[in-house]
DNA sequence: GATTTAATTAACCAACTGGTCAGTTGTTTG
DNA sequence: CAAACAACTGACCAGTTGGTTAATTAAATC
């Protein structure tokens, strides 16, 4: 005879509750990673009891997987269209980067989750979320551009990693950037994100393009 | 009358034990962050008992602080010399980047610790370890280069962040890169680190330099 | 070589954490 | 409207975790 009456109990809505838990999980996992995130905190943040997590997801780890998948699904879907082997490499590169940054703007926790997954969890779900495909798409574009002499003679794989680094780091550092930068603007506000995208695209394209080619694309300083 | 005899007890050496604990802490914190790192694991890795941690450092958090300081001290020391206001911006930029990557080669856990500190711990020790100074040094160099028309018209602060991203991301992603790259070389082996440094310098300098200037420096593709 | 000092250990503890479950109650169905 | 269903809760549990402490003993001191 353990449990008694119980509170009014929020409106019963399977989909809504599941979504609330998942959203809360996303935030907590992005902030603390799988190991350090607390199920109780996730429950409180989503406004339900801990039991719901296990009712809907079975375990902390399964919830983590679900959160990962939800966050990275939109990214994965969009990679493919930039892999077209006959597109202009510079345009394709700008396209991927802008798309990645665009999607990340709506999921600012994604880079942090990627970091946690790589460092802390040793990439157990790395293939599962299909992230390697981003490297492959980038490396292919770079390789094609290099052969066409549009891009400089950089190593495609190293450069692909460097590009992903530029795309991810800003969001991870954002929390602290505000106190370092002059002006004190919030790095995650819309105007700053827009500026970051333009700056990143310009930096990346100039970084890879051959000198006589650098006036070719649309990126603005 | 709780404790009994006790094992032979390793050779008693204050400095050596302290150092062993600190080294183990560095690895564990770099892999799991402050929250998820376990004191028992740190103790086992350093070959002593958990009590030693509290004997020498007082608490998990103080140990974390000590580990942070030890890792970032060499970086901080070397920033200043590149801040000279009359040096050539391109050379200064290459100098800072190479120095940062050089030091990081010896402390591969540094980027991961920085990441954990920023994301998980919300940068409580961010100012303490003096990391903002790296951004300031970079931004100053970029600003000078821009005014001298050696660098393109990029925003210095955004670009400083992007440069730090390039310097850090490789080390954080290294664990998983091996299975993604063709050839399967260990990204942390000496030759790869050397290559990464060259690639990063080339990418970064081309990313910021004005077009007619890009043959000016020593970076190699 | 006896005394003092402090490095080291094993056992211990209170608080916490992932996970379970009996029971409650809003909702749906026949 | 009664019965079946399932969303939801709160108490509970076993294992873990940061931290403490009395006892032990290798060295330093005299």
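Residue numbers (my numbering), protein chains in the order written: chain V, 1060 to 1280; chain B, 1060 to 1280.
Just so it is clear, CB atoms sit at the ideal spot from N, CA and C, and this is done for glycine as well.
Residues in its own chain within less than 7 Å of residue i by CB, not counting five upstream and five downstream?
i              : result
residue 1259/B : 1156, 1160, 1225 and 1226
residue 1231/V : 1170, 1171 and 1174
residue 1098/B : 1109, 1112 and 1119
residue 1142/V : 1196 and 1199
residue 1262/V : 1225
residue 1114/B : none
residue 1236/V : 1246
residue 1218/V : 1201 and 1267
residue 1125/B : 1081 and 1116
Give a yes or no on whether 7 Å exceeds the smallest Cβ distance from residue i to chain B.
i              : result
residue 1107/V : no
residue 1073/V : no
residue 1265/V : yes
residue 1155/V : no
residue 1262/V : yes
residue 1104/V : no
residue 1248/V : no
residue 1270/V : yes
residue 1095/V : yes
residue 1166/V : no
residue 1258/V : yes
residue 1091/V : yes
Is there a C-beta anywhere in chain V that falls below 7 Å from the one on residue i?
i              : result
residue 1169/B : no
residue 1088/B : no
residue 1255/B : yes
residue 1174/B : yes
residue 1207/B : no
residue 1279/B : Residue placement at residue 1279/B is flagged as unreliable, the pLDDT there being 49, under the threshold of 50; a coordinate-derived value is accordingly withheld.
My guess is that residue i and residue j are in contact by the Cβ rule of under 8 Å, so how many angstroms apart are they, rounded?
i              : j              : result
residue 1076/V : residue 1107/V : 6 Å
residue 1229/B : residue 1220/V : 6 Å
residue 1265/B : residue 1265/V : 6 Å
residue 1234/B : residue 1182/V : 6 Å
residue 1081/V : residue 1139/V : With a Cβ gap of about 25 Å, residue 1081/V and residue 1139/V do not count as contacting.
residue 1092/B : residue 1092/V : 7 Å
Among the residues of its own chain, which have a CB less than 8 Å from the CB of residue i, if the five just before and after it don't count?
i              : result
residue 1079/V : 1105, 1106 and 1107
residue 1202/V : 1215
residue 1180/V : 1092, 1093 and 1094
Give every residue of the same chain whose Cβ lies closer than 6 Å to the Cβ of residue i, excluding the five residues on either side of it in the sequence, and list them in chain order.
i              : result
residue 1164/V : 1252
residue 1188/V : 1127 and 1131
residue 1248/V : none
residue 1152/B : 1200
residue 1255/V : 1229
residue 1207/V : none
Taking 7 Å as the threshold (C-beta atoms), are residue j and residue i in contact?
i              : j              : result
residue 1168/V : residue 1089/V : yes
residue 1194/V : residue 1239/B : yes
residue 1222/B : residue 1148/B : no
residue 1095/V : residue 1094/B : yes
residue 1072/B : residue 1087/B : no
residue 1192/B : residue 1158/B : no
residue 1134/V : residue 1162/V : yes
residue 1269/B : residue 1211/B : yes
Using 6 Å as the cut-off, classify the Cβ of residue i as near or not near the heavy atoms of the ligand ZN, replying yes or no.
i              : result
residue 1161/B : Annotation note on the ligand ZN: not contained in the displayed structure, which lists no ligands.
Short-range partners of chain B found in the segment 1176-1203 of chain V, where Cβ spacing is below 7 Å: 1177, 1178, 1179, 1181, 1182, 1185, 1191 and 1194
Chain B contacts from the segment 1215-1241 of chain V (Cβ-Cβ distance under 7 Å): 1216, 1217, 1218, 1220, 1221, 1223, 1224, 1225, 1227, 1228, 1229, 1231, 1232, 1234, 1235, 1236, 1239 and 1240
Proximal residues, the segment 1109-1143 of chain V versus chain B, C-beta separation under 9 Å: none
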